[in-house]
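Have a look at the structure below before the remarks.
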Amino acid sequence: MRRTIPLNNISGVGVNQKATLRIVEAHAFHGILFDFTNVTAAQIESLRVFYGDTEAMAFTGPDLDAINQYFELAPMGANGLLYVPFAAPGMLDQAEEEGTAVHVGVKYADGTVIPSIRVEIKLDNTVVNPGILAMGVVRDAVAGLAPWFPFVRQTTVEAQSGGVKAFNDIVDTKSGRESYCTQVFFKTNQISNLLVQRNGVDMFDRSVVINERIQANGVRTPQAGWFVFDTRENGYGNMADALDAGKANTLIWKPTFGAAVTAPAYVFTIGRLN
Numbered sequence: 001m002r003r004t005i006p007l008n009n010i011s012g013v014g015v016n017q018k019a020t021l022r023i024v025e026a027h028a029f030h031g032i033l034f035d036f037t038n039v040t041a042a043q044i045e046s047l048r049v050f051y052g053d054t055e056a057m058a059f060t061g062p063d064l065d066a067i068n069q070y071f072e073l074a075p076m077g078a079n080g081l082l083y084v085p086f087a088a089p090g091m092l093d094q095a096e097e098e099g100t101a102v103h104v105g106v107k108y109a110d111g112t113v114i115p116s117i118r119v120e121i122k123l124d125n126t127v128v129n130p131g132i133l134a135m136g137v138v139r140d141a142v143a144g145l146a147p148w149f150p151f152v153r154q155t156t157v158e159a160q161s162g163g164v165k166a167f168n169d170i171v172d173t174k175s176g177r178e179s180y181c182t183q184v185f186f187k188t189n190q191i192s193n194l195l196v197q198r199n200g201v202d203m204f205d206r207s208v209v210i211n212e213r214i215q216a217n218g219v220r221t222p223q224a225g226w227f228v229f230d231t232r233e234n235g236y237g238n239m240a241d242a243l244d245a246g247k248a249n250t251l252i253w254k255p256t257f258g259a260a261v262t263a264p265a266y267v268f269t270i271g272r273l274n
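Read left to right, the sequence shown gives residues 1 to 274 (the UniProt record's numbering).
Here you go:
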């Protein structure tokens, strides 16, 4: 049964400090819900997630809030609630949703064990009397599962001028940690079209208008100022439907920019821990 449980106290909550939550309880974690007091999304400089000692995810507060809203999760807003998803949000098939829940304290099929989940939150110097509570969305941990884990890597795309630009490093085709790409969030309103080519074959070619219409017709809410590549936009998608990066010889991303741009991008992948 899925349930929501309070998590242990968070240490180091304060101005310009690194608040730390360390989870060692043996559960399957679908996500973590943070309840902030006297903290806005803009005051969260960074939120980093670690599986054991391996960094798995990194966001800024405003960007995680926008990504959550794209996934049709509630905005942080005045209630101060911000969600970090591990299980895939918005899926219409339970098995596909739960496939990337993170199971702590049990052995996966290859012997991998996630001994803990650690979350580090850096608040800026404008917060006054901040508070943070955390709750885990969990079910019972299961041993012997295939060792696939969700990762989110933050990178940057840069173009000195408008036009079509080619990038071959948005997804790492050599790292087992980025074997399958499910989403890439580009934080810019300067992309009018995106072409993705794998081994020379066009895998994705959409204008921003078509892309947002398809996603809105699915299970997503497009956000102003973002262009999103999403293999799960219709609510379905196991790893066979994700963009296979691990077996790709080349994986080229070709956005068409309207002007020069330097923008963050968040790369959502499913991969192995080691």
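No residue lacks a Cβ here, since even glycine has one placed at the ideal position from N, Cα and C. Here the structure is a predicted model, which is why all the values come from computation and not from measurement.
Asked, Found
"Do Ala-245 and Cys-181 have their beta-carbon atoms positioned less than 7 Å apart in this structure?", "yes"
"Grab the span of the alpha helix (DSSP H) containing Ala-143 for me, first residue to last.", "No alpha helix (DSSP H) contains Ala-143, which DSSP labels as neither H nor E."
"Fully enclosed by the stretch 204-257, which alpha helix (DSSP H) runs are 4 residues long or longer?", "208-217"
"Alpha carbons only, please: which of Ile-10, Leu-251 and Arg-220 is nearest the one belonging to Ala-74?", "Arg-220"
"Which whole-angstrom value is the C-beta distance of Leu-15 and Leu-123, which I expect to be below 8 Å?", "The question names Leu, but residue 15 in the sequence shown is Val. Contact flag correct, Cβ pair sits at about 7 Å."
"Assuming Ala-56 and Ala-101 make a contact with CB atoms under 8 Å, what is their CB distance in whole Å?", "About 13 Å; that fails the 8 Å criterion."
"Identify every residue that forms a DSSP beta bridge with Tyr-83.", "Leu-33"
"Residues in the same chain with beta-carbon distance under 6 Å from Arg-198, minus the five sequence neighbours each way, listed in chain order, please.", "Ala-248 and Leu-251"
"What first and last residue would you give for the alpha helix (DSSP H) that runs through Asn-68?", "61-70"
"Can you tell me the Cα-Cα spacing of Gly-237 and Thr-126, whole angstroms?", "41 Å"
"Ordered along the chain, which non-local residues of its own chain (more than five positions away) have a Cβ less than 7 Å from that of Asp-230?", "Gln-183, Gln-215 and Arg-220"
"List the endpoints of the continuous beta strand (DSSP E) containing Glu-45.", "44-51"
"Taking the CB atoms as reference points, tell me whether Met-1 and Gly-235 lie closer together than 7 Å.", "no"
"Cα separation between Ala-66 and Gly-131?", "22 Å"
"With burial defined as no fewer than 16 other Cβ atoms inside 10 Å of the residue's Cβ, what is the status of Arg-3: buried or exposed?", "exposed"
"Looking at the structure shown, is Gln-154 part of a helix, part of a strand, or coil, going by DSSP?", "strand"
"Using CA coordinates, which residue listed in Ala-19, Gly-31 and Ala-259 is at the minimum distance from Pro-6?", "Gly-31"
"Which residues in the same chain as Val-39 place their Cβ atom closer than 6 Å to its Cβ, once the five residues preceding and following it in sequence are excluded?", "Val-127 and Pro-130"
"Give the secondary structure of Gln-160 by DSSP, where H, G and I count as helix, E and B as strand, and everything else as coil.", "coil"
"To the nearest whole angstrom, what separates the beta carbons of Val-49 and Val-84, a pair I think is in contact under 8 Å?", "6 Å"
"Using a 10 Å radius around the Cβ and a threshold of 16 neighbouring Cβ atoms, would you call Asp-172 buried or exposed?", "buried"
"Measure the C-alpha to C-alpha separation of Phe-166 and Ala-263 and round it to an integer number of angstroms.", "Going by the sequence as given, residue 166 is Ala instead of Phe. Roughly 15 Å separates the two Cα atoms."
"Taking the alpha carbon of Phe-227 as the reference point, which residue from Leu-243, Val-104, Asn-189 and Glu-233 has its own alpha carbon closest?", "Asn-189"
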